[in-house]
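Here's the structure we're looking at; comments come further down.
Numbering (the numbering used here), first residue to last: 65 to 146.
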């Protein structure tokens, strides 16, 4: 969590782990049962994306991490320059 001295942690999730992240978010009350039932069915706007991507779920995912190994590359860049 961000503090005055620390900007907070940046976490990169492996894309195939998203069902586990969604399960925890459901238990914490951050997503609904309707969203869980619509996993990988995003067309109507009530589903959950199958891969972590902020374009699809801007209030949930912070970084896109699946396409072509972008997660490790972004982690290195941000560790160096942020």
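For every residue, glycine included, the Cβ atom is placed at its ideal position computed from N, Cα and C.
Note that the structure is predicted; figures quoted are calculated from it, not measured.
| Asked | Found |
| --- | --- |
| Residue 90, DSSP secondary structure in three states | helix |
| Alpha-carbon spacing of residue 97 relative to residue 74, whole angstroms | 27 Å |
| DSSP bridge partner residues for residue 103 (one or two, in chain order) | 112 |
| Cβ pair residue 102, residue 111 closer than 8 Å | yes |
| Three-state class that DSSP yields for residue 80 in the structure shown | helix |
| For residue 125 and residue 85, the rounded distance between their alpha carbons | 10 Å |
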